[in-house]
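In this note's numbering, the protein residues as written are 5 to 99.
(1) Can you give me the start and stop residues for the alpha helix (DSSP H) that residue 64 sits inside?
(2) Name, in chain order, the residues that DSSP records as bridge partners for residue 71.
(3) Helix or strand or just coil, what does DSSP make of residue 82?
(4) According to DSSP, simplified to helix, strand and coil, what is residue 99?
(5) By the DSSP assignment, the alpha helix (DSSP H) with residue 11 in it spans what residues?
(6) Based on Cα-Cα distance, which residue from 77, 83, 73, 65 lies nearest to residue 27?
(7) Does residue 68 pass the burial test, meaning 16 or more other C-beta atoms within 10 Å, or should it be called exposed?
(8) For a quick check, are the C-beta atoms of residue 82 and residue 8 less than 8 Å apart?
Following this line, the structure appears as structure tokens:
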């Protein structure tokens with residue numbers, strides 16, 4: 005499985021506080037483990053939002069206010085968005 009990080013995801017990550025960056029790193033690591041074992045770690049809140057032509061779109065919540073959005077295609081997982089609930093909704097409407 006190959007993991008890609010989109011530019012918007014990385015710029016949002018850099019703007020976070022150090023403590024939030026740590027939580028995001030831990031969550032991304034747990035997501036990668038989930039794709040290897042197909043079992044989510046306890047407390048990892050993963051939600052499949054829908055399936056598009058690009059692949060399955062998922063969401064995880066490292067904190068109540070922060071969400072990670074990724075697309076799982078054939079052999080590729082693209083982390084596309086890191087932001088609030090409203091930012092995720094706006095992104096999904098733009099698809």
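Here a beta-carbon is modelled for each residue, glycine too, at the ideal position from N, C-alpha and C.
According to the structure data:
(1) Within the chain shown, numbered from 1, the residue matching residue 64 stands at position 60. Run containing residue 64: none in the alpha helix (DSSP H); it sits in the beta strand (DSSP E), 60-64.
(2) Taking the chain shown and counting its residues from 1, one reaches residue 71 at position 67. Beta-bridge pairing links residue 71 to 87.
(3) As a working mapping, residue 82 is identified with position 78 in the chain shown. Here residue 82 sits in strand by DSSP.
(4) As a working note, residue 99 is residue 95 in the chain shown. Correct three-state label for residue 99: coil.
(5) Taking the first residue of the chain shown as position 1, residue 11 is located at position 7. Run containing residue 11: 11-18, per the alpha helix (DSSP H) assignment.
(6) Position 23 of the chain shown, counting from 1, holds the residue named residue 27. For residue 27, the nearest C-alpha among the options comes from 65.
(7) Counting from one through the chain shown, the residue named residue 68 turns up at place 64. That one is exposed.
(8) Position 78 of the chain shown, counted from the first residue, corresponds to residue 82. Position 4 of the chain shown, counted from the first residue, corresponds to residue 8. Going by C-beta atoms, residue 82 is nearer than 8 Å to residue 8.
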